[in-house]
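Q: Count along the sequence shown from 1, add 7, and you get the number used in my numbering. I have a structure I would like to understand better, so I am pasting it below and will then ask my questions one at a time.
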Amino acid sequence: MHRLLLGRGTSLRMATRSSPRLKRLASDSIDAKRDETKAKRGRSSISAKKEVSKKSSVPNKVTKKAKQKPAKSTVKKKSLAPKNEPIKREDTKELLDLSDGKYKSVRVVSSNVAGLRGLLRNDERKKSFTSFVEKMKPDILCIQEHKLQEKHVAEVEQELKTIFPNYKSYWSCSGPPAKRGYSGVACFLNTKKFDGIKHAPFCTVFEEKDSSSKSKKNGGGLRQIWNSKSSKVSSPDAVSRNRYGVVGISHTLGKDHFSDSIASSEGRVITVELDHVYVVNAYVPNSGQDLKRLEYRTDDWDKKFGNYLKSLEKKKPVILIGDLNVAYQNEDLHNFYSRPEFPDLPLSLDAYKGVKQLMKQAGCTLTERKSFRDFLELGFVDTFRFFDPNAKGCFTYWSQRANNRPKNRGLRLDYCIASKSLCTSEETAEGVFIGDSFICDDVSEYPSFSDHCPVGCTIVEQ
C-alpha cells in the first residue's frame, strides 16, 4: 500500500484534486468516520431508551400501589365497660310528682326481700326497708321471696304493723308438696287509698292430703282459692266512692293449673283485682343451679303464665310486677358491657362470644330471653323500657358474693309489665294509663336492704 505523503501547507482538498487515487482514499476515510459516528449515535439512542424505560417503570409501580385498597385499621373498638370496671348509670325519667293532687293515681312498688324474717332481725336492713316504705308511700306494696312458713305469718304481721300500720296484708306461702319456707309472695294494700278493705284470711294453696270426704269436697286436698266471705274485700259502696276499690284477691294461676305443683304450691302469685285493672304480684321460678328447671320454666311456666294473664286481660287491663328472673335486653346484663359490639348484639348465640358463662347462668340464657320476648309479643309492654328504651347501667340485682353493687355490675331481673292498652302518652291517654316506671337503685336515696332493689310504676286516671 502506498503511503500518502503531504507536504506542509498542502490541504487534503488540494491533494485530492491532483490525484484520483488520493481522492478515493479520502472518500473512504470520510465514509468510515460517518459510519462510526452513526454507530455511536445508535448505541447512545438504545442506551437512552433503556434509561427512559427504567425511569418510566418507577411511576408505574407507584400507580399500582396507589390503586391498591387501603389496609384495614388495626385499632380495636373499645368496650363501654371492660370486665370488672364500674358501669355508669344513665339518667332516666323522673317519678311523677303526686304531692299536688293533680293525678288520681295508684303507685305500685315491688321488691324481692330475700327473706323477710332475716330482714326484720337485722337492724340495718330493717331501718332501710322502713325508710323506703315511708318515703315512697306505696298504695300497693308487693314483696317476693319472703320465705315464711304459714306458722310464721301472724307473728310477722304484728311486727309489720308497727312499721307501717295503715296496710292490710295478703300472703301466699310455699307448702306441701313443695318445700316449706321457700319462695312466697305477699301484697300490702294502703287502707287510706282503698276504703272498706276487709282483711282476707291467710291461705296456702295445698293442705296435707287426706282421704276425708271434706277434703275431697274441697278439691282433693286443695283449699278454696276464692273464699266467698273474703273474695269481695271491699263493699259495693266503697267501690262507687273510690275509683280504686278492691274487688278481690286470688292466688296461683287459677283452677286450670292446680295439677302443676310448682305453680300451685310454691306461693308464687297473688292477683289483686281492682275495679279498673288487675295487679299481679309474681315470683317467677328460677331455672336453678345447672339449669335443672330451665325446660319447665320456658316450656311450662312461661306459657301457662302468659295464658293466665291473657285470660285476665279479657276482662280488664293487667299489670304484672315482681321478680321475673330473666335479664332480657342487652343493656340488662352487665357482662355484655365488656363486648366491643355492645349494645348492638343479636338475640342469638353470637352475642355470647367471650361471655359463654352466661349460657349456663339462670336468667341469662338465650332460651329464657327468647321465651320472655315471646311473652311480651302476646301484647305486653316492659314499662321501664317504654319510658327509657336504651338506658344503660339500670339494674335491679347485684351478686353479693362478687361484691358487684359498688361497681354497678348487675342484672335487671325485676319488672313492671303492663297491657299494651295502658302504655300511651298522657296527651293521648283515655281513662287509665301508666304514668311512670322506675328503679330505686340509688343507695344514697334508697339504702339497700336486699340483693335486689325495688321497682315500681304509677297507674294514673285522666
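The beta carbon of each residue, even a glycine, is placed where N, CA and C say it ideally should be.
Leaving out five residues on either side along the sequence, give the residues of the same chain with a beta carbon under 6 Å from the beta carbon of D339.
A: Cβ neighbours of D339 beyond the five flanking positions: R419.
Q: Could you pull out every residue in the same chain whose Cβ sits closer than 6 Å to the Cβ of E320, ignoring the five residues on either side in sequence?
A: S426, listed in sequence order.
Q: Tell me the DSSP bridge mates of W178?
A: In DSSP, W178 forms a bridge with A193.
Q: Using only the alpha-carbon positions, how far apart do T431 and H159 sit?
A: Those two C-alpha atoms are separated by around 42 Å.
Q: Ordered along the chain, which non-local residues of its own chain (more than five positions away) have a Cβ less than 6 Å from that of L2?
A: No answer is possible for residue 2: it lies beyond the span of the chain, which begins at 8 and ends at 469.
Q: Cα separation between Q165 and F195?
A: Roughly 13 Å separates the two Cα atoms.
Q: From P454 to T403, what does the alpha carbon distance come to, in whole angstroms?
A: When rounded, the distance between both Cα atoms is 13 Å.
Q: By DSSP, does S241 sit in helix, in strand, or in coil?
A: Caution applies to S241, whose pLDDT of 37 falls short of 50 and renders its modelled position unreliable; the value that the coordinates give is listed next. S241 falls in the coil class under three-state DSSP.
Q: Below 7 Å CB to CB, which residues in the same chain sit around P376 once its five sequence neighbours on both sides are set aside?
A: First, the residue type needs correcting, since residue 376 is Arg and not Pro in the sequence shown. Closer than 7 Å at the Cβ level, and outside the excluded window around R376, lie V333, Y335, L354.
Q: Quick check on I150: does DSSP put it in helix, strand or coil?
A: Reduced to three states, the DSSP call for I150 is strand.
Q: List the DSSP bridge partners of R114.
A: DSSP, once it has assigned bridges, lists T465 as partnering R114.
Q: Return the CA-CA distance between V467 and K360, expressed in angstroms with no decimal places.
A: The straight-line gap from Cα to Cα measures roughly 43 Å.
Q: Roughly how many angstroms separate the alpha carbons of N119 and L148, rounded to a whole number?
A: Roughly 11 Å between the two C-alpha positions.
Q: Return yes when the Cβ of K323 is within less than 9 Å of the Cβ of V276, no when it is not.
A: No, the Cβ-Cβ distance between V276 and K323 is not below 9 Å.
Q: For K95, which residues in the same chain have their Cβ closer than 8 Å to its Cβ, ignoring the five residues on either side in sequence?
A: Same-chain partners within the cutoff: A88, K399, G400, N415.
Q: Please confirm if the region 292-300 is in contact with the region 362-369, defined as three or more CB-CB distances below 8 Å between the two stretches.
A: Output reads yes: the region 362-369 touches the region 292-300.
Q: Per DSSP, what are the beta-bridge partners of C423 in this structure?
A: Answer is I328.
Q: Do the region 444-460 and the region 388-395 make contact, defined as three or more Cβ pairs closer than 8 Å?
A: Yes, since at least three Cβ pairs between the region 444-460 and the region 388-395 fall closer than 8 Å, the two stretches touch.
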